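Remarks on the structure that follows.
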Ligand SMILES: Cc1cc2nc3c(=O)[nH]c(=O)nc-3n(C[C@H](O)[C@H](O)[C@H](O)COP(=O)(O)OP(=O)(O)OC[C@H]3O[C@@H](n4cnc5c(N)ncnc54)[C@H](O)[C@@H]3O)c2cc1C
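Residue numbers (our numbering): 7 to 441.
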């Protein structure tokens, strides 16, 4: 029995597994095993809408076991810790496991660029849990701000800073703007609209690098008009509990710094033998194989294919590479020539909040309401499964008629104001007043 192991149930890993299933359908001597630390596939393009309460978190994930249906591949929810490439053995949270072929699709993590305080004082924005926790933190601060008389403190509570002007940062801050100005400001009577402040910080001279410059400039004007402060050529030098320092001089007071400034390879990928690029991705051949280890394929955000080093870290690249890696494992098993990955841009779509988007597909560029409709239609189409498509479409439809949900389900863990309030309450219980 031969065992092919796929690591990661994201875009790359899931599509590699589906391809392997097709290739080895009639081969009972080959076991296909997908391992991931989460038991679902997450549709990341809709993560900003989780933070803004526009879409329900459950509606943008699809459980692996539902996706599997009648397919025969096995799934194991486990965490991979390391690999011994010589012995072809993985160390998982629950033990060791041997493989014959391996496809690595573990995605990436945030890059801190060695800036002090990023890990301790910023909100990460990569996973569904991150987005849900961030939404609850934003609402929690609004609850505190609603009864905070100290104007300075209230303003710091209501200042939301996003670091990173790529498409993830831009889409997030636009969603936050819609949520805060169109929903929160109307329902929290103690929050004056003018106290709400949204700041986007970008180290390079322009936001949305990778999109046509005229669309990037157009987007910037749109953000300016929407009340978002865009700070370009601004380098974050320190992240503090009470705010963010820019250029070693200026401090923007804020209780919420969100880090969307860069991606680094997964630590497992960085530990693989062979060359790596400057952000730690494994440099693989165009057939997506690791140097010196043709039985190991690396795809998606974890991989830098030799002739596609500049390919963006986006879902279509991960999907395409996953499919090729799946087919290449089968080609190698049958002694056939392997397929090469070649990057072809599928375009760029950026939502700038409710009713507005910018779209670039080849030479075609457009923006505005129709671009937004196109953005919505395409993302709905790309969501896996009719059930999820109907759920998200219903969320969007209801969002037109009803206010967004503002309930805090889990008490936020990192709130110093909550801690202060409970400390005061405890002190009052311990020292009862005389008389
Ligand atoms: C907020 C956000 C918004 C985005 N928006 C878009 C967008 O609009 N359009 C677009 O094209 N791209 C978007 N992307 C980028 C896109 O999501 C990635 O490029 C894509 O997911 C990469 O696919 P992947 O398979 O390499 O990794 P991922 O999809 O990240 O999958 C990695 C998998 O590995 C698993 N894993 C991680 N560590 C371990 C471990 N130790 N053990 C076991 N399993 C592990 C994870 O749980 C996950 O299942 C966005 C990304 C983010 C973070």
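No residue lacks a Cβ here, since even glycine has one placed at the ideal position from N, Cα and C.
Quantities reported herein were computed from a predicted structural model and do not represent experimental measurements.
Residue i CB to nearest heavy atom of ligand 1 below 7 Å
{"i": "residue 25", "result": "no"}
{"i": "residue 44", "result": "yes"}
{"i": "residue 51", "result": "yes"}
{"i": "residue 18", "result": "yes"}
{"i": "residue 63", "result": "no"}
{"i": "residue 13", "result": "yes"}
{"i": "residue 272", "result": "yes"}
{"i": "residue 322", "result": "yes"}
{"i": "residue 112", "result": "yes"}
{"i": "residue 72", "result": "no"}
{"i": "residue 131", "result": "yes"}
{"i": "residue 286", "result": "no"}
{"i": "residue 319", "result": "yes"}
{"i": "residue 308", "result": "yes"}
{"i": "residue 41", "result": "yes"}
{"i": "residue 236", "result": "no"}
{"i": "residue 102", "result": "no"}
{"i": "residue 174", "result": "yes"}
{"i": "residue 97", "result": "no"}
{"i": "residue 86", "result": "yes"}
Buried/exposed call for residue i, threshold 16 Cβ in 10 Å
{"i": "residue 163", "result": "buried"}
{"i": "residue 223", "result": "exposed"}
{"i": "residue 334", "result": "buried"}
{"i": "residue 59", "result": "buried"}
{"i": "residue 392", "result": "exposed"}
{"i": "residue 441", "result": "Unreliable placement is indicated for residue 441, whose pLDDT of 48 sits below 50; no coordinate value is reported for it."}
{"i": "residue 66", "result": "buried"}
{"i": "residue 467", "result": "The requested residue 467 is not part of the displayed model; the chain covers only 7 to 441."}
{"i": "residue 403", "result": "exposed"}
{"i": "residue 4", "result": "Outside the displayed range of the chain (7 to 441) lies residue 4, so it cannot be described from this structure."}
{"i": "residue 29", "result": "buried"}
{"i": "residue 49", "result": "buried"}
Contact set for residue i: own chain, Cβ-Cβ below 6 Å, skip 5 residues either direction
{"i": "residue 332", "result": "22, 25, 26"}
{"i": "residue 47", "result": "15, 20, 68"}
{"i": "residue 39", "result": "11, 80"}
{"i": "residue 97", "result": "87, 88"}
{"i": "residue 77", "result": "27"}
{"i": "residue 301", "result": "107"}
{"i": "residue 412", "result": "145"}
{"i": "residue 423", "result": "150"}
Nonlocal neighbours in the same chain, by C-beta distance under 7 Å from residue i, ignoring five residues either side
{"i": "residue 127", "result": "245, 246, 247, 263"}
{"i": "residue 100", "result": "84"}
{"i": "residue 386", "result": "395, 398, 399"}
{"i": "residue 55", "result": "61, 181"}
{"i": "residue 315", "result": "283"}
{"i": "residue 7", "result": "35, 37"}
{"i": "residue 191", "result": "197, 199, 202"}
{"i": "residue 177", "result": "54, 356, 357"}
Residues near residue i in its chain [Cβ-Cβ closer than 8 Å; skip 5 each side]
{"i": "residue 431", "result": "none"}
{"i": "residue 212", "result": "171, 219, 222, 223, 226, 238"}
{"i": "residue 384", "result": "355"}
{"i": "residue 371", "result": "218, 220, 221, 364, 365"}
{"i": "residue 250", "result": "167, 169, 207, 242, 244, 257, 258, 260, 263"}
{"i": "residue 253", "result": "240, 241, 243"}
{"i": "residue 298", "result": "279, 280"}
Cβ pair residue i, residue j closer than 8 Å
{"i": "residue 144", "j": "residue 206", "result": "no"}
{"i": "residue 274", "j": "residue 233", "result": "no"}
{"i": "residue 119", "j": "residue 268", "result": "yes"}
{"i": "residue 175", "j": "residue 266", "result": "yes"}
{"i": "residue 362", "j": "residue 231", "result": "no"}
{"i": "residue 134", "j": "residue 51", "result": "no"}
{"i": "residue 353", "j": "residue 330", "result": "no"}
{"i": "residue 317", "j": "residue 349", "result": "yes"}
{"i": "residue 414", "j": "residue 142", "result": "yes"}
{"i": "residue 4", "j": "residue 93", "result": "No information on residue 4 is available, as it lies outside the stretch 7 to 441 that the chain covers here."}
{"i": "residue 311", "j": "residue 296", "result": "no"}
{"i": "residue 499", "j": "residue 114", "result": "The displayed coordinates of the chain run from 7 to 441. Any statement about residue 499 would go beyond what the structure contains."}
{"i": "residue 111", "j": "residue 324", "result": "yes"}
{"i": "residue 189", "j": "residue 31", "result": "no"}
{"i": "residue 155", "j": "residue 57", "result": "no"}
Cβ of residue i within 8 Å of any chain D Cβ
{"i": "residue 75", "result": "This model lacks chain D altogether, as it is built from one protein chain only."}
The segment 13 to 25 / the segment 292 to 306 touching (three or more Cβ pairs under 8 Å): yes
message: So, does the segment 121 to 137 touch the segment 237 to 245, judging by three or more C-beta pairs under 8 Å?
response: yes
- request: May I ask you to verify whether the segment 179 to 188 touches the segment 272 to 292, counting CB pairs closer than 8 Å and requiring at least 3?
  value: no
- prompt: For the segment 280 to 293 against the segment 146 to 155, are there 3 or more C-beta pairs whose distance is under 8 Å?
  reply: Contact fails: fewer than three Cβ-Cβ distances are below 8 Å.
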